[in-house]
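Residue numbering for the sequence shown follows our numbering, beginning at 1 and increasing consecutively. Positions of the beta carbon are idealized from the N, C-alpha and C atoms, including for glycine.
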Amino acid sequence: MSCAAADLALGEQMYDLAARLFPICRSITGDGVRQTIDILSEAVPFERHEIATGTAVLDWEIPKEWNITDAYIADSNGNRIIDFRQNNLHVLNYSTPIRTTLPLAELRTHIFTLPEQPDLIPYRTSYYQENWGFCMSQRQLLELERIGGPFEVVIDSSLEPGHLTFAEYVHRGEIEDEILLSTHVCHPSMANDNCSGLALLTVFARELRRRKVRHSFRILIIPGTIGALTWLATHEGQLDRIKAGLVVSGVGDPSGPTYKRSRRGNAAIDRAFEHVLRHSQAESKILDFFPYGYDERQFCSPGFNLPVGLFQRGQFATYPEYHTSADNLDFISAERLAESYATIRNAIDIIDQDRVLLNLYPKGEPQLGRRGIYGKIGGASDAWRRNLAMLWVLNLSDGRHSLLDIAQRADMPFAEISAAADLLEGADLVAPANAPARAV
Ligand code: ZN
Numbered sequence: 001m002s003c004a005a006a007d008l009a010l011g012e013q014m015y016d017l018a019a020r021l022f023p024i025c026r027s028i029t030g031d032g033v034r035q036t037i038d039i040l041s042e043a044v045p046f047e048r049h050e051i052a053t054g055t056a057v058l059d060w061e062i063p064k065e066w067n068i069t070d071a072y073i074a075d076s077n078g079n080r081i082i083d084f085r086q087n088n089l090h091v092l093n094y095s096t097p098i099r100t101t102l103p104l105a106e107l108r109t110h111i112f113t114l115p116e117q118p119d120l121i122p123y124r125t126s127y128y129q130e131n132w133g134f135c136m137s138q139r140q141l142l143e144l145e146r147i148g149g150p151f152e153v154v155i156d157s158s159l160e161p162g163h164l165t166f167a168e169y170v171h172r173g174e175i176e177d178e179i180l181l182s183t184h185v186c187h188p189s190m191a192n193d194n195c196s197g198l199a200l201l202t203v204f205a206r207e208l209r210r211r212k213v214r215h216s217f218r219i220l221i222i223p224g225t226i227g228a229l230t231w232l233a234t235h236e237g238q239l240d241r242i243k244a245g246l247v248v249s250g251v252g253d254p255s256g257p258t259y260k261r262s263r264r265g266n267a268a269i270d271r272a273f274e275h276v277l278r279h280s281q282a283e284s285k286i287l288d289f290f291p292y293g294y295d296e297r298q299f300c301s302p303g304f305n306l307p308v309g310l311f312q313r314g315q316f317a318t319y320p321e322y323h324t325s326a327d328n329l330d331f332i333s334a335e336r337l338a339e340s341y342a343t344i345r346n347a348i349d350i351i352d353q354d355r356v357l358l359n360l361y362p363k364g365e366p367q368l369g370r371r372g373i374y375g376k377i378g379g380a381s382d383a384w385r386r387n388l389a390m391l392w393v394l395n396l397s398d399g400r401h402s403l404l405d406i407a408q409r410a411d412m413p414f415a416e417i418s419a420a421a422d423l424l425e426g427a428d429l430v431a432p433a434n435a436p437a438r439a440v
């Protein structure tokens, strides 16, 4: 799929934003999340929420807040062999503080590597079990073995009562029904997972303020799992407003795109993505819901069962760069971000614009030529398609088929059917199905 110049410009803005977010050491709590939200708030007036450690959320509890300033492993001369300042993936995320000198044999039990990918640093966390550790490439571990030790081991972190931080932006449309868009904010320096999602949703929210939309939109920037649980626990009374939702994860890498259906399987969001992917991208993949992945696990838990799908490019945990230091700024591109943006916007537009119309002249075809709309629109080559789209809208606007139903039946892109419907509505040939009855 090629992207329009306007979308590519947005793709470049998303890439630049992802590049600014990339160096920050984020986690499920702490100043990295706040710093990230501060940057995103330059473009969109996000509301920041702070929930205290110890607060009960559903079956969970807000954990202690984690912050880190420095960490390293040094040889006996004080040379840093492993240095958090070079790459924040080097520290097991949520490590407790430590300052000691250890022989390699003892240090070894706190080291994580990827022997199959000897040049890459793995991303590892230990959120709910206190531990400390270092992540490094297999080659760096061999270097430690060559030096032999003992080693000076320092993790200058804190794990103390504090807060969990998340951000929310609500855009009021014409109606109260909401479309929910959510992404996680808890990963340190990885570009696709999750700087790309943060950048895409921030640009999406910014653009929303310049567009006319019917639905209200709610954009969530939340730490994975515990953030979704916290948001759900604090918004239980208003979840029935959510008519569609999407979790956005890795959206800048070269493969995919991949859409994972909601638990319901045939929600509006599922039908919208199936339609857009069918009409725009050859390489796309659609997966049925399964209870593993990103925050769709929480939104689609049986007690909520919200109509929330997942959009990503390469499927998580299947590409070799996933959760490693190879998920860097070379792994994502403005082009792929632009494609992801256009795909999401087109699917969301379907949900926002889909409606049921009624043909006001259902007995025989109305005379379109007399009204000046038959075969006269655009160039000769697409006039035929425009006419066909109008005939489909007239034929199926019996009060039982929405414009998306008609687009699927006609096997035509929603945008073409929607444009034909606008033309027919302008000529008073169709009207909203729920409008007051009128004489024909
Ligand atoms: Zn991840």
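If I follow the unbroken beta strand (DSSP E) through residue i, where does it start and stop?
i: Leu159; result: Phe151 to Glu160
i: His163; result: His163 to His171
i: Asp428; result: It is not in any beta strand (DSSP E) - Asp428 carries neither H nor E in the DSSP assignment.
i: His279; result: Segment Ala268 to Ser280 is the alpha helix (DSSP H) holding His279; no beta strand (DSSP E) there.
i: Gln312; result: Val308 to Gln312
i: Thr36; result: Run containing Thr36: none in the beta strand (DSSP E); it sits in the alpha helix (DSSP H), Asp31 to Leu40.
i: Tyr72; result: Glu65 to Ala74
i: Arg20; result: Careful: Arg20 lies outside any beta strand (DSSP E), inside the alpha helix (DSSP H) at Ala5 to Leu21.
i: Ile24; result: Here Ile24 belongs to no beta strand (DSSP E), and DSSP marks it neither H nor E.
i: Asp405; result: Looking at the DSSP string, Asp405 is not in any beta strand (DSSP E); the run it does join, the alpha helix (DSSP H), is Leu403 to Ala410.
i: Arg99; result: Ile98 to Leu102
Please report the distance separating the alpha-carbon of residue i from that of residue j.
i: Tyr294; j: Ile406; result: 33 Å
i: Pro23; j: Leu17; result: 11 Å
i: Lys285; j: Arg241; result: 29 Å
i: Leu368; j: Tyr374; result: 5 Å
i: Ile417; j: Gln86; result: 53 Å
i: Asp253; j: Gln129; result: 32 Å
i: Thr125; j: Glu143; result: 24 Å
i: Arg385; j: Asn328; result: 44 Å
i: His49; j: Leu58; result: 18 Å
i: Leu159; j: Gly224; result: 18 Å
i: Gly441; j: Ala433; result: Past the boundaries of the shown model lies residue 441; the chain is included only from 1 to 440, so the question cannot be answered.
i: Ile51; j: Ala410; result: 50 Å
i: Leu107; j: Gly237; result: 49 Å
i: Pro118; j: Ser196; result: 26 Å
i: Thr109; j: Gly133; result: 8 Å
i: Arg371; j: Ala347; result: 32 Å
i: Ala383; j: Leu423; result: 13 Å
i: Ala4; j: Arg400; result: 35 Å
i: Glu65; j: Ile37; result: 16 Å
i: Ile351; j: Ser333; result: 28 Å
i: Ser402; j: Gly364; result: 21 Å
i: Phe316; j: Pro257; result: 11 Å
i: Asp330; j: Leu394; result: 49 Å
i: Ala389; j: Gln408; result: 12 Å
i: Glu61; j: Gly426; result: 55 Å
Could you please give the first and the last residue of the uninterrupted alpha helix (DSSP H) stretch that includes residue i?
i: His110; result: It is not in any alpha helix (DSSP H) - His110 carries neither H nor E in the DSSP assignment.
i: Ala334; result: Ala334 to Gln353
i: Trp231; result: Ile226 to Thr234
i: Arg146; result: Gln138 to Ile147
i: Arg206; result: Gly197 to Leu208
So, are the CB atoms of residue i and residue j less than 8 Å apart?
i: Ile155; j: Ala71; result: yes
i: Met14; j: Val203; result: yes
i: Thr324; j: Leu21; result: no
i: Pro161; j: Gly227; result: no
i: Ile344; j: Leu246; result: yes
i: Pro150; j: Pro103; result: yes
i: Arg214; j: Gly250; result: no
i: Asp83; j: Ala338; result: no
i: Asp31; j: Asn79; result: no
i: Ile269; j: Gly309; result: yes
i: Gln298; j: Leu239; result: no
i: Leu357; j: Ala272; result: no
i: Tyr259; j: Phe311; result: yes
i: Ile175; j: Ile81; result: no
(request) Considering only heavy atoms of ligand 2, list every residue whose Cβ is less than 6 Å from one of them, following chain order. (result) With respect to ligand 2, the structure offers nothing, as its ligand set consists of ligand 1.
(message) Is it the case that the segment 104 to 119 contacts the segment 137 to 145, given that we only count it when at least three CB pairs across the two stretches are under 8 Å?
(response) With a cut-off of 8 Å, the segment 104 to 119 and the segment 137 to 145 count as touching, because enough Cβ pairs lie within range.
(message) Contact between the segment 317 to 331 and the segment 179 to 194 is defined here as three or more beta-carbon pairs at a separation below 8 Å; is this criterion met?
(response) Yes, the segment 317 to 331 is in contact with the segment 179 to 194.
(request) May I ask you to verify whether the segment 163 to 174 touches the segment 204 to 222, counting CB pairs closer than 8 Å and requiring at least 3? (result) Touching, yes, given that three or more Cβ pairs across the two stretches are closer than 8 Å.
(message) Using a Cβ distance threshold of 8 Å, determine whether the segment 196 to 212 contacts the segment 72 to 81, with at least three qualifying pairs required.
(response) A contact between stretches requires three or more CB pairs, one per stretch, nearer than 8 Å, and the segment 196 to 212 fails this requirement with the segment 72 to 81.
(message) Does the segment 260 to 267 come into contact with the segment 23 to 40, if we say contact requires no fewer than three beta-carbon pairs (one atom in each stretch) closer than 8 Å?
(response) Taking 8 Å as the limit for Cβ pairs, the verdict is that the segment 23 to 40 does not touch the segment 260 to 267.
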